[in-house]
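Everything below concerns the one structure shown next.
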Amino acid sequence: MSLDEKIQSIPEEERLAAAVYALNTVLMSRGIITREELEEGFDSWVHRKELLRERATASSQA
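Heads up: the sequence shown at position 32 corresponds to 33 in my numbering, and the numbers run straight through without jumps.
Right, here's the structure in full:
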């Protein structure tokens with residue numbers, strides 16, 4: 002099965018997650034990024050999204 006066929010075989014909403022997983026796996030296996038650095042980046046992204054959500058909620062209630 003070709004890469005395009007594999008991509009088409011999974012639901013569209015899961016394709017980005019699959020691509021991110023594959024890229025992160027390559028980066029970690031080549032020693033470009035550590036698991037800890039990946040977790041720090043993920044935690045930072047989650048924190049940023051929470052702040053944006055809180056600000057949006059606060060401004061809609063004002």
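Ideal Cβ placement from N, Cα and C applies to all residues, glycine included.
Which of helix, strand or coil does DSSP assign to residue 26?
-> Reduced to three states, the DSSP call for residue 26 is helix.
Which same chain residues, not among the five before or five after residue 8, have their C-beta less than 7 Å away from its C-beta?
-> Excluding sequence neighbours, residue 8 sits near 16.
Measure the beta-carbon distance from residue 25 to residue 4 and round it to whole angstroms, keeping in mind my assumption that it falls under 8 Å.
-> Not quite, the Cβ-Cβ distance comes to about 17 Å (not below 8 Å), so this is no contact.
Taking the CB atoms as reference points, tell me whether residue 20 and residue 11 lie closer together than 8 Å.
-> Against a cut-off of 8 Å, the Cβ pair of residue 11 and residue 20 comes out as no contact.
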